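**Student:** I'd like to ask some things about the structure below.
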Amino acid sequence: MAAAAMSGPLSGTRVADFSHLMAGPYCSLILADMGAEVIKIESPQGDPTRTLLSPGEDEESPFFLSINRNKKSVVLDLHADEGRAVALDLIARADVVLESFAAGVMDRFGLGYATLSAAHPTLIYCAVSAYGRSGPLAERAGYDPIIQGESGLMYLNGHADGEPHKTAIPIIDLTTGMFAAHAVLAALYARCSSGRGQFIDVPLFDSSAALTTYHTMAYLRGGGDPARLGNSSAVAAPVGLFEAQDGSFFLTVAGDRVWQKLVSVLGNPPELACEDFAGNFLRVRHQARLVEILKRIFREERLDTWMVRLRAAGVPAGPVRSIAQAVASPEMQARAVIGEAPHRKYGTVPNLRLPMTMTGTPLVAPRGAPLLGEHTVAVLADVLHYGPERVAGLLRGGVVAAWQPDV
């Protein structure tokens, strides 16, 4: 086990992170927030997300800042023999290797699982890819929206009379990162009793297929292809987006008890006493007519009025907000979701924390995403115990690079 760095449940765990873009880095973000020492190995050009959606040429992008906090950046040229030697030295001192290269790239660098596990049988090696590291699709390239389409997930999103829609966030990248983090945690736990590491394969396609859950199960049980439902539900009604006088909100009525509460909030209008709405199954069957009745009623009052009444009665409903509105919302403030993290270049940067709190082993205090090569020299000296002359030689030869503060 590596030497302890920060506090947290994974304190003392070291991760050599060769991943880039979104899925792999989201995995290592979770591990880093839990206290693992995540050493992010980057090419001299850096992770491509450093400049993705960047507000300026020399600015770190919100994309990169959001998923790389609490990590250390080391610039390393893996195409150079000396660079690969440095990587091997680092891996020898790591508990976990994480990578998201195309199939065969790590093997060509001499950093594949077969090579590394032979020398380090306790090593946990996690590969994130589009279609897995084995089988006929291993070499196929793929990205989040493509896999949303191929797995059936995109087909489920959108309105019945419209085209399929991808999600606005890269949901497959994010969930693949979560699944990978879960697998790494399980492998670390298993190693405590077995004393051995293992290979972990986490494909985006498998993650996307897993997210279809009961839709695919229903089809496999003979239920046919599910239809796109827009904002409605196949299992409960009324469910959907409604307009008040001055804004929209989402309403979910799951079950007859909540339905009776809603009817009471609305003043027991006679049109809702119809037998067609007497039970959830009937409301689902007749939801088109039910929704039209509710739309007319909800337009009669302001949004705040409906929120007060519905919440007081225990009817789940909430306003549909923009990101700006959500950031300023009382819920966001009450949950302390947004904070600040220190950053070497900007002083501080906003921070959006992980959605869990742990009383015994809390997550570590956030530290802003690293600048390119910010920790190269420190890692070479403190982790690998290279002397000043060797570090200087690697820098001169371009094998490694280090961030230099402006003079």
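Take the sequence shown: its letters are residues 13 to 419, numbered as in the numbering used here. Ideal Cβ positions, reconstructed from N, Cα and C, are used throughout, including at glycine. Computed from a prediction, not measured in an experiment: that's the story for all the values here.
1. With H, G and I counted as helix, E and B as strand and the rest as coil, what does DSSP make of residue 137?
2. Is there contact between the region 372-380 and the region 41-53, where contact requires at least three CB pairs shorter than 8 Å?
3. Considering only heavy atoms of the ligand FAD, does any lie closer than 8 Å to the CB of residue 394?
4. Kindly indicate which three-state DSSP category residue 413 falls into: helix, strand or coil?
5. The alpha helix (DSSP H) spanning residue 295 covers which residue range?
6. Alpha carbon to alpha carbon, how far is residue 299 from residue 250?
7. Looking only at C-alpha atoms, which of 213, 306 and 282 sits nearest to residue 253?
8. Which runs of the alpha helix (DSSP H) at least 4 residues long sit entirely within the region 59-94? Give them in chain order.
9. Alpha carbons only, please: which of 153, 195, 336 and 166 is nearest the one belonging to residue 241?
10. Shortest alpha-carbon distance to residue 224 belongs to which of 275, 161, 248 and 243?
11. Looking at residue 137: is its Cβ nearer than 9 Å to the Cβ of residue 209?
12. Taking a contact to mean a Cβ-Cβ separation below 9 Å, would you say residue 85 touches residue 284 in this structure?
13. Would you list the one or two residues that DSSP bridges to residue 350?
14. Residue 64: buried (16+ other C-beta within 10 angstroms of its C-beta) or exposed?
15. According to DSSP, what are the bridge partners of residue 253?
16. Please name the residue in 257, 276, 266 and 349 whose C-alpha comes closest to that of residue 308.
17. Consult DSSP for residue 442 and reduce its assignment to one of helix, strand or coil.
18. What are the uninterrupted segments assigned as alpha helix (DSSP H) that are 4 or more residues long and contained completely in the region 276-344, given in chain order?
19. Could you tell me which of 39, 80, 332 and 140 sits nearest to residue 263, measuring between CA atoms?
20. Within the same chain, show all residues whose beta-carbon is closer than 7 Å to that of residue 387, passing over the 5 residues directly before and after it, in chain order.
21. Under DSSP, the alpha helix (DSSP H) around residue 35 begins and ends at which residues?
22. Between residue 314 and the rest of its own chain, which residues show a CB-CB distance below 7 Å, the 5 nearest in sequence each way excluded?
23. Taking 9 Å as the cut-off, decide whether the C-beta atoms of residue 135 and residue 107 are in contact.
24. Does residue 13 come out as helix, strand or coil in the three-state DSSP assignment?
25. For the beta strand (DSSP E) that contains residue 436, what are its first and last residues?
26. Tell me residue 52's beta-bridge partners as DSSP assigns them.
27. I believe residue 380 touches residue 361 by the beta-carbon criterion, under 8 Å. Please report the beta-carbon distance rounded to the nearest angstrom.
28. With a CB to CB cut of under 8 Å and the five nearest residues on each side skipped, what residues in its chain are close to residue 212?
29. Going by the CB atoms, is the gap between residue 119 and residue 130 shorter than 9 Å?
30. Taking Cβ positions, are residue 34 and residue 156 nearer each other than 9 Å?
31. I need the DSSP call for residue 231, collapsed to helix, strand or coil.
32. Measuring CB to CB, does residue 274 end up less than 9 Å from residue 222?
33. Does DSSP put residue 359 in a helix, in a strand, or in coil?
34. If contacts are defined as beta-carbon pairs under 8 Å, then residue 90 and residue 109 qualify, I think. What distance do you get, rounded to the angstrom?
35. When DSSP labels each residue in this structure, what does residue 386 get in the three-state scheme?
36. Run the CB neighbour count on residue 204, radius 10 Å, all protein chains shown included, and call it buried at 16 or more, exposed below.
**Tutor:** In short:
1. strand
2. yes
3. The ligand FAD is not part of the structure shown, which contains no ligands of any sort.
4. strand
5. 292-297
6. 7 Å
7. 306
8. 74-79
9. 166
10. 161
11. yes
12. no
13. 364
14. exposed
15. 262
16. 257
17. Outside the displayed range of the chain (13 to 419) lies residue 442, so it cannot be described from this structure.
18. 292-297, 299-310, 315-325 and 335-339
19. 332
20. 84, 85 and 86
21. 35-45
22. 256, 257 and 258
23. yes
24. In this prediction, residue 13 scores a pLDDT of 46, lower than 50, which makes its location untrustworthy; the coordinate-derived value is nonetheless stated afterwards. Of the three classes helix, strand and coil, the one that applies to residue 13 here is coil, per DSSP.
25. A question about residue 436 goes unanswered here, because the residues of the chain that appear run from 13 up to 419.
26. 29 and 85
27. 5 Å
28. 136, 137, 138, 139, 192, 195, 196 and 199
29. no
30. yes
31. helix
32. no
33. strand
34. About 13 Å separates the two Cβ atoms, so there is no contact after all.
35. coil
36. exposed
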